[in-house]
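Written below as structure tokens is the structure these notes are about.
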Amino acid sequence: MKGIRIAAAAVLVMAFLVTVFAQFLAPAGYEHQFRDQPEARPSLQHPLGTDQLGRDSLARLLYGMRVSLLLAPLAAALSTLLAGLVGGLAGCFGGWTERVCTLLIDLFLAVPWLFLLITVRAALPLDISPAQSVVITFLLLGMLGWAASARVICAGARNLMRSEFVWSARAMGFSGFRLIRLHLLPNLRGALAAQFWISIPVFIIAEANLGALGLGVAEPLPSLGSLLKEIQEFVTLRSESWRLLPLFVLIAVVSAFQALLNREKVRA
Amino acid sequence: MKRFALLCIALFFSLSLAAAADGNGELRFCLRSEPKTFNPLMVNDDASETIRYLTGGVLVRVNRLTQKPQPELATDWKISLAGRRIRFKLREGIRYSDGTPFTSADVVYTMQQLMDPALHSATGDAFRSGEGSVVAQAISPTAVEITFPAPVSNLVNLFDTVAIMSAQSPQKEMAALGPFYVAEHKAGAYILLKRNPNYWKKDSAGNPLPYLAAVRLDIEQNRDIEALRYSRGEIHLINDVSPATFEKLSHENPVMVRDAGASTDTEQLWFNQSPSAPIPEYKRTWFQSTQFRRAVSEAINREDLARVVFHGHAVPSTGIVPVTNKFWFNSDLKPHPYDTASALRRLQQDGFHLDQGTLRDRGGNAVEFSIITNAGNRSRESMAAMIQEDLKKIGIKVNVVTLDFSSLLERITQSYKYEACMLGTVNGDLDPNSQMTAWLSTGEDHIWNPKQKTPATAWEAEIDKLMHAQASAVDQRKRKAAWDQVQKIAWEQEPFLYLVNKDSLVAISPLVKNAEPSAFRPQTYWNVEELSLAH
Amino acid sequence: MLRKLGFAALRLLCVMLLASFAGAVLLRIAPGFSSDEQELTPGLSAQSVQAIRDAKMADSNIPRFYARYLRSLFHGDLGVSQSLNQPVSALLRERVPVTARNLGFALLAGWILALGLALTSQLVRTRWFAFVADGLSSSFISTPAAVLALIFVLLRWPAMLAAALLIFPKVYSYARNLLHESSRMPHVFAAQSRGAGRLRTLICHVAPIALPQLVALLGVSISLGLGVLLPIEVICDTPGVGQLAWQAAQSRDLALLVNLTLIVSFVTVCATMLSDAFRSEPAGSAA
Chain B
1 MKGIRIAAAA
11 VLVMAFLVTV
21 FAQFLAPAGY
31 EHQFRDQPEA
41 RPSLQHPLGT
51 DQLGRDSLAR
61 LLYGMRVSLL
71 LAPLAAALST
81 LLAGLVGGLA
91 GCFGGWTERV
101 CTLLIDLFLA
111 VPWLFLLITV
121 RAALPLDISP
131 AQSVVITFLL
141 LGMLGWAASA
151 RVICAGARNL
161 MRSEFVWSAR
171 AMGFSGFRLI
181 RLHLLPNLRG
191 ALAAQFWISI
201 PVFIIAEANL
211 GALGLGVAEP
221 LPSLGSLLKE
231 IQEFVTLRSE
241 SWRLLPLFVL
251 IAVVSAFQAL
261 LNREKVRA
Chain V
269 MKRFALLCIA
279 LFFSLSLAAA
289 ADGNGELRFC
299 LRSEPKTFNP
309 LMVNDDASET
319 IRYLTGGVLV
329 RVNRLTQKPQ
339 PELATDWKIS
349 LAGRRIRFKL
359 REGIRYSDGT
369 PFTSADVVYT
379 MQQLMDPALH
389 SATGDAFRSG
399 EGSVVAQAIS
409 PTAVEITFPA
419 PVSNLVNLFD
429 TVAIMSAQSP
439 QKEMAALGPF
449 YVAEHKAGAY
459 ILLKRNPNYW
469 KKDSAGNPLP
479 YLAAVRLDIE
489 QNRDIEALRY
499 SRGEIHLIND
509 VSPATFEKLS
519 HENPVMVRDA
529 GASTDTEQLW
539 FNQSPSAPIP
549 EYKRTWFQST
559 QFRRAVSEAI
569 NREDLARVVF
579 HGHAVPSTGI
589 VPVTNKFWFN
599 SDLKPHPYDT
609 ASALRRLQQD
619 GFHLDQGTLR
629 DRGGNAVEFS
639 IITNAGNRSR
649 ESMAAMIQED
659 LKKIGIKVNV
669 VTLDFSSLLE
679 RITQSYKYEA
689 CMLGTVNGDL
699 DPNSQMTAWL
709 STGEDHIWNP
719 KQKTPATAWE
729 AEIDKLMHAQ
739 ASAVDQRKRK
749 AAWDQVQKIA
759 WEQEPFLYLV
769 NKDSLVAISP
779 LVKNAEPSAF
789 RPQTYWNVEE
799 LSLAH
Chain Y
804 MLRKLGFAAL
814 RLLCVMLLAS
824 FAGAVLLRIA
834 PGFSSDEQEL
844 TPGLSAQSVQ
854 AIRDAKMADS
864 NIPRFYARYL
874 RSLFHGDLGV
884 SQSLNQPVSA
894 LLRERVPVTA
904 RNLGFALLAG
914 WILALGLALT
924 SQLVRTRWFA
934 FVADGLSSSF
944 ISTPAAVLAL
954 IFVLLRWPAM
964 LAAALLIFPK
974 VYSYARNLLH
984 ESSRMPHVFA
994 AQSRGAGRLR
1004 TLICHVAPIA
1014 LPQLVALLGV
1024 SISLGLGVLL
1034 PIEVICDTPG
1044 VGQLAWQAAQ
1054 SRDLALLVNL
1064 TLIVSFVTVC
1074 ATMLSDAFRS
1084 EPAGSAA
């Protein structure tokens, strides 16, 4: 398991480094259109070929990773924090606190937030930069995507509150924040970690889908999500396997997060 | 033995007759959305239009290949009173799909329904030529006369969209005079049309039409899945194929797809010139400047758009009227050239200057604007990205914003909270009268500055005059001259920057016989009664 | 008992009413409410365009619309969809069973796969199994629903299997962690030290502890399942609730949206109440 964790860390470090040094690894840039070479196959000049407008696919992948792999984990952290807060409060305190939190969670799951997102887009100026637009998008995803996990965390917290070791801790005088920090949080870590790493690809894909509302990245800035959307065309139209690379990159990064956050010691 | 042989022969013939009576198979293709209505007079969307075309009987049908009107339910017609009256002579002995007889009373009833002020449809509005009511009168069971308060341009061709409803049938709008009738409808899934047993048309050998037994229309929004189903043989037609799908299918089997030539649809970009638009005044000044618009136009590489986005299946656009609209196209006009040097010269004449690669106006403001377009249209998104790159070369920064269609529509028609917009126009009707609301300065569709109380510019006033002139003229040459002049003004002033005219790309299975795709809608099945399926 | 049922009913009613009202408000304030694609039909007169807009704005006063809607709801009238020109009740009658069937299938398949892998990971505690299972989970959670659905259509497999594969990673991940945490309870170690085998430990000591939270997860996975299924229904044009929801969103169809929100909130709250009803005994007690 240690070997897997080292490999996972290496994948994440490599992903981080390639995005930081993207302009050196892909000097063509993500926006320049080589119009004489649209949808070109891989070559020395374009190691991953070009897209429909002749833009270097390697550059778009590296810059897309920069956008998504930086912002999606931040959004996931935000949603995990909110889920932990609401779910944890509900489970720890019970009674009316739990009832109110549960009502809030149910409402969040049921309300069609799509229209709020459309309204947010309408409120933003049209000349907002692509970078600002994508930051706002991930922020919104973080703030709206916590409800499903809060429920599970609430159930977990409730269960823990009834466990013997928590009773013992309370009998020894632990209460409030100390109880939560020292006894509940460590035991909820697994669930929180699961929520975190699951949210990363969900938010990356959701950001791409929000492009239909005018949120998310705008041309010419790429994101991993927008590159994944282009795979739809691949599935039905082309048989060019290198176009699946954004999907493999995302799988590798998400697996790396999962491996790092999974503390289970596997014994033979 | 003899008796047995006779029995077999008799069985064989009866089966053959049964097969012939059952018809020649089920044609299958997809609708992109659920039809909003089965009432042929209320059609305002593509899916409903398809149903109307396949089930509706019309007095006159415009041949999609020749663009000429030909007799259908009417055998003859005569226009009088300087274009205000039309008299139709109707075919005799025709019945609706449920057996109800067709007479002139049905035409009168249809026109009364169509011209009801409470009915708001494009079909009816096309006939509203002036104040006053439209009078439809049954002269005899096979003759009907319709009188309009003012001359109606292109009067005969307008009846191509008027499906005659029965005044007496208990089935109301579901009683069909066309080649098919609606037999089954599963909302969200499919619509099954079956051959109309009472359809009046026969082929040259006297065989009853249509050849097809049925048409099945599956509701399929996803174009990728539609293409997949076509390549598997699950459907027989695609009316409008994307350029990428066209290339792929063409590589697999060239006979699977056809390029029917340049369509009448246009793709254009325009700037918001509305005085009430909530945009900075200096930007409004740019957009209202002809030199600015011409410069932007010259900086856009239309050849690249046609080649890269449409894979060569498009041509740079000249203006309002595509070259395929043979009669109405002003052949003196050519596409605007791609010339960045000329673009910069125009901008300099207008007081702009380049400052370290950034274009600035007289006041020192950096030239930057946003282009909105509808999300989900890959061609348009790609064109916007290419235009962004083109304008960068002359120091203009463009932000591309894709919006869901309802939000975009609200911005361009109500709130005017946008700077530039890129959309396309579907031109079903070739006649310039169909574009009155777009070119009259008071028009709803005068989209760059709609519903003006008085024309904002001299050239818009001139266009108003010319549009009224062509609408009231009966002589086609006079109408052409006026419309040619409108095209010239639009070419010079460029309120719309016309980008490309796309080719009409269709997919027709080799199993479909007698298909002759047209550049005009409906491209693949305009002659549906003559289509058949090979076994 | 009666008091609990009363609270549950009240909670259900509150969520349904608040969610549907909030949905209506959000739709009303979102841009595009008063716009209709039909306005752009060439040749439409100014009066016709105005008539189309007036028809859209007929329900612009949301409190009034909602009050009228609730009154007619008591008579079984769910209103008329403006975009599809059909009674909402007829539309729902056709499509809810389709989605319910698809959801049931997707959840069943997703849970079987997830639980199967999670339970097996407790029995086969090797790093390679964990690696493969986690890799599968990561792969499917990283694949867009549209791509997976298209792949299944390409392979002519039921598209609902795609939904199952999208549900399974989340369920697997939580289930795996739950089982792992439960397996570290003191009584489990005690059982193992007294010679209980892996399978017996899992069934008799680990699973009962994890069960309440797994049942809680079931409630959440119904909401997850709906969230995954609806886009797949849109992509594959399955005539279910997903297609209706997309239609309602695109056309800003108020009557359709309010009814769909009621259904979604009903399903969500019922699912979570069901899982709450299966809350366990305090943790730590031996099975």
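Chains as they are written, first to last, in the numbering used here: chain B, 1 to 268; chain V, 269 to 803; chain Y, 804 to 1090.
Note that the Cβ used here is the ideal one computed from N, Cα and C, for glycine as well.
- Take every Cβ of the region 977-994 of chain Y, pair it with every Cβ of the region 1006-1024 of chain Y, and state whether three or more of those distances are shorter than 8 Å. yes
- When the distance is taken between beta carbons, is A148 (chain B) closer than 8 Å to S1099 (chain Y)? Lying outside 804 to 1090, the shown extent of chain Y, residue 1099 (chain Y) is not represented and no answer is given.
- Message: Beta-carbon within less than 8 Å of L188 (chain B)'s beta-carbon, same chain only, minus the 5 sequence neighbours each way: which residues are those?
- Response: As a first step, residue 188 (chain B) is located in the first sequence; it is residue number 188 there, counting from the start. Excluding residues within five positions, the ones whose Cβ falls inside 8 Å are G84, G88, I153, G156, A157 and L160.
- Task: Along the alpha helix (DSSP H) that carries H990 (chain Y), what are the first and last residues, could you check?
- Result: Start at 1 with the first residue of the third sequence, and residue 990 (chain Y) comes out as number 187. Run containing H990 (chain Y): P989 to S996, per the alpha helix (DSSP H) assignment.
- Query: Among residues of its own chain, excluding the 5 on either side of L843 (chain Y), which ones have a beta-carbon nearer than 7 Å to its beta-carbon?
  - Reply: Start at 1 with the first residue of the third sequence, and residue 843 (chain Y) comes out as number 40. Counting only Cβ-Cβ distances below 7 Å, and skipping sequence neighbours, we find nothing.
- Message: Q755 (chain V) and V589 (chain V) - do their beta-carbons sit closer together than 8 Å?
- Response: The count along the second sequence starts at 1 and reaches residue 589 (chain V) at position 321. The count along the second sequence starts at 1 and reaches residue 755 (chain V) at position 487. In this structure, Q755 (chain V) lies closer than 8 Å to V589 (chain V) by Cβ.
- Task: Can you check DSSP and say which residues form a bridge with Q889 (chain Y)?
- Result: Translated into positions along the third sequence, residue 889 (chain Y) becomes position 86. DSSP lists Y:S884 as partners of Q889 (chain Y).
- List the residues of chain B that R806 (chain Y) touches, going by C-beta distances under 7 Å, in chain order. Indexing the third sequence from 1 puts residue 806 (chain Y) at position 3. By Cβ distance, chain B contributes nothing, its closest Cβ being about 13 Å from R806 (chain Y), past 7 Å.
- Using the Cα positions of L671 (chain V) and A643 (chain V), report the straight-line distance between them to the nearest angstrom. On the second sequence, position 403 is the one that residue 671 (chain V) refers to. On the second sequence, position 375 is the one that residue 643 (chain V) refers to. Rounded to whole angstroms, L671 (chain V) and A643 (chain V) show a C-alpha spacing of 5 Å.
- Query: What first and last residue would you give for the beta strand (DSSP E) that runs through G757 (chain Y)?
  - Reply: It is not possible to answer for residue 757 (chain Y), since the shown part of chain Y is limited to 804 through 1090.
- Task: Using a Cβ cut-off of 8 Å, pull out every chain V residue sitting near P834 (chain Y), in sequence order please.
- Result: Residue 834 (chain Y) sits at position 31 when you count from the first residue of the third sequence. Here the neighbours are S674, S675, E678, R679 and S683.
- Message: Let me confirm a value: V330 (chain V) is counted as buried when at least 16 other C-beta atoms fall within 10 Å, else exposed. Which label applies?
- Response: Position 62 of the second sequence, counting from 1, holds the residue named residue 330 (chain V). It is buried - the Cβ of V330 (chain V) has at least 16 other Cβ atoms within 10 Å.
- Message: I want to know whether the region 31-40 of chain B touches the region 86-106 of chain B - three or more CB-CB distances under 8 Å.
- Response: With the cut-off at 8 Å, the region 31-40 of chain B and the region 86-106 of chain B do not touch.
- Mind checking whether G529 (chain V) and T592 (chain V) have CB atoms under 8 Å apart? Here the question's residue 529 (chain V) lines up with position 261 in the second sequence. Here the question's residue 592 (chain V) lines up with position 324 in the second sequence. Yes, these two residues count as a Cβ contact at 8 Å.
- Which of the residues in the region 812-831 of chain Y, read from start to end, lie with their CB under 7 Å from any CB of chain B? R814, C817, V818, L821, A822, A825, G826, L829 and L830
- Item | First through last residue of the alpha helix (DSSP H) which encompasses S945 (chain Y) | The count along the third sequence starts at 1 and reaches residue 945 (chain Y) at position 142. Its alpha helix (DSSP H) spans residues R930 to S945.
- Task: Just confirm the distance between the C-beta atoms of I200 (chain B) and A10 (chain B), as a whole number of angstroms; I'd bet it's less than 8 Å.
- Result: As a first step, residue 200 (chain B) must be located in the first sequence, where it is residue number 200. As a first step, residue 10 (chain B) must be located in the first sequence, where it is residue number 10. Contact doesn't hold; Cβ gap of about 18 Å is too wide.
- Item | Within chain B, the residues that T670 (chain V) reaches when beta carbons sit closer than 7 Å | Stepping through the second sequence from its first residue, residue 670 (chain V) is reached at position 402. Chain B residues near T670 (chain V): G211 and G214.
- Query: With distances taken between CB atoms, is the gap from A967 (chain Y) to A912 (chain Y) smaller than 8 Å?
  - Reply: As a working note, residue 967 (chain Y) is residue 164 in the third sequence. As a working note, residue 912 (chain Y) is residue 109 in the third sequence. Going by beta carbons, A967 (chain Y) and A912 (chain Y) fall inside the 8 Å limit.
- Can you name, in chain order, every residue of its own chain whose Cβ lies under 6 Å from the Cβ of T235 (chain V), other than the five neighbours on each side? Absent from the model: residue 235 (chain V). The displayed extent of chain V is 269 to 803, so no value can be given.
- With respect to the beta strand (DSSP E) encompassing Q536 (chain V), which residues constitute its N-terminal and C-terminal limits? Numbered from 1 along the second sequence, position 268 holds the residue referred to as residue 536 (chain V). From DSSP, the beta strand (DSSP E) with Q536 (chain V) extends over T534 to F539.
- Going along the region 43-58 of chain B in order, which residues come within less than 9 Å of chain V, judged by CB to CB distance? Cβ contacts with chain V: Q52, L53, G54 and R55.
- Query: K304 (chain V) CB to nearest chain Y CB: under 8 Å?
  - Reply: Mapped onto the second sequence, residue 304 (chain V) falls at position 36. Judged by the 8 Å Cβ criterion, K304 (chain V) is in contact with chain Y.
- Item | Proximity test, Cβ basis, 8 Å: T1041 (chain Y) and chain B | Walking along the third sequence from the start, residue 1041 (chain Y) turns up at place 238. Cβ-Cβ to chain B under 8 Å: no for T1041 (chain Y).
- Query: What residues in the region 111-124 of chain B have a beta carbon less than 7 Å from any beta carbon of chain Y?
  - Reply: V111, P112, L114, F115, L116, I118, T119 and A122
- Quick one: is D274 (chain B) buried, meaning 16 or more other Cβ sit within 10 Å of its Cβ, or exposed? An answer regarding residue 274 (chain B) cannot be provided, because it is not within the stretch 1 to 268 covered by chain B.
- Task: Give a yes or no on whether 8 Å exceeds the smallest Cβ distance from E687 (chain V) to chain B.
- Result: For the purposes of this step, residue 687 (chain V) is taken as residue 419 along the second sequence, with counting starting at 1. So yes, E687 (chain V) belongs to the interface.
- Check whether the Cβ atoms of V450 (chain V) and T323 (chain V) sit closer than 8 Å, and answer yes or no. Here residue 450 (chain V) refers to the residue found at position 182 of the second sequence. Here residue 323 (chain V) refers to the residue found at position 55 of the second sequence. Yes, Cβ-Cβ distance for V450 (chain V) and T323 (chain V) is below 8 Å.
- Message: Less than 8 Å between CB atoms is the rule here; does L881 (chain Y) satisfy it with respect to chain B?
- Response: Indexing the third sequence from 1 puts residue 881 (chain Y) at position 78. It does not; no Cβ of chain B falls within 8 Å.
- Task: Starting from the N-terminal side, write out each stretch of the alpha helix (DSSP H) that is 4 residues or longer and does not extend beyond the region 289-354 of chain V.
- Result: The qualifying runs are 314-323.
- Item | Bounding residues of the beta strand (DSSP E) (the contiguous stretch that carries H453 (chain V)) | Taking the second sequence and counting its residues from 1, one reaches residue 453 (chain V) at position 185. Counting along the chain, the beta strand (DSSP E) containing H453 (chain V) begins and ends at F448 to K454.
- In or out: K973 (chain Y) buried (at least 16 other Cβ within 10 Å) or exposed? In the third sequence, residue 973 (chain Y) corresponds to position 170, counting from 1. Burial call: buried.
- What is the residue span of the beta strand (DSSP E) that P543 (chain V) lies within? Translated into positions along the second sequence, residue 543 (chain V) becomes position 275. Secondary structure note for P543 (chain V): it is in no beta strand (DSSP E), with a DSSP letter that is neither H nor E.
- Out of curiosity, what's the CA-to-CA distance linking I915 (chain Y) and C1007 (chain Y)? Within the third sequence, numbered from 1, the residue matching residue 915 (chain Y) stands at position 112. Within the third sequence, numbered from 1, the residue matching residue 1007 (chain Y) stands at position 204. Looking at the two C-alpha atoms, the distance is approximately 20 Å.
- Message: Could you tell me the alpha carbon to alpha carbon distance between A909 (chain Y) and N888 (chain Y), rounded to whole angstroms?
- Response: Numbered from 1 along the third sequence, position 106 holds the residue referred to as residue 909 (chain Y). Numbered from 1 along the third sequence, position 85 holds the residue referred to as residue 888 (chain Y). Near 31 Å, if we compare the C-alpha coordinates of N888 (chain Y) and A909 (chain Y).
- Item | Top-ranked residue by Cα proximity to I289 (chain B), from Y:A999, Y:R814, Y:S940 and Y:V935 | Outside the displayed span of chain B (1 to 268) sits residue 289 (chain B), for which this structure offers no information.
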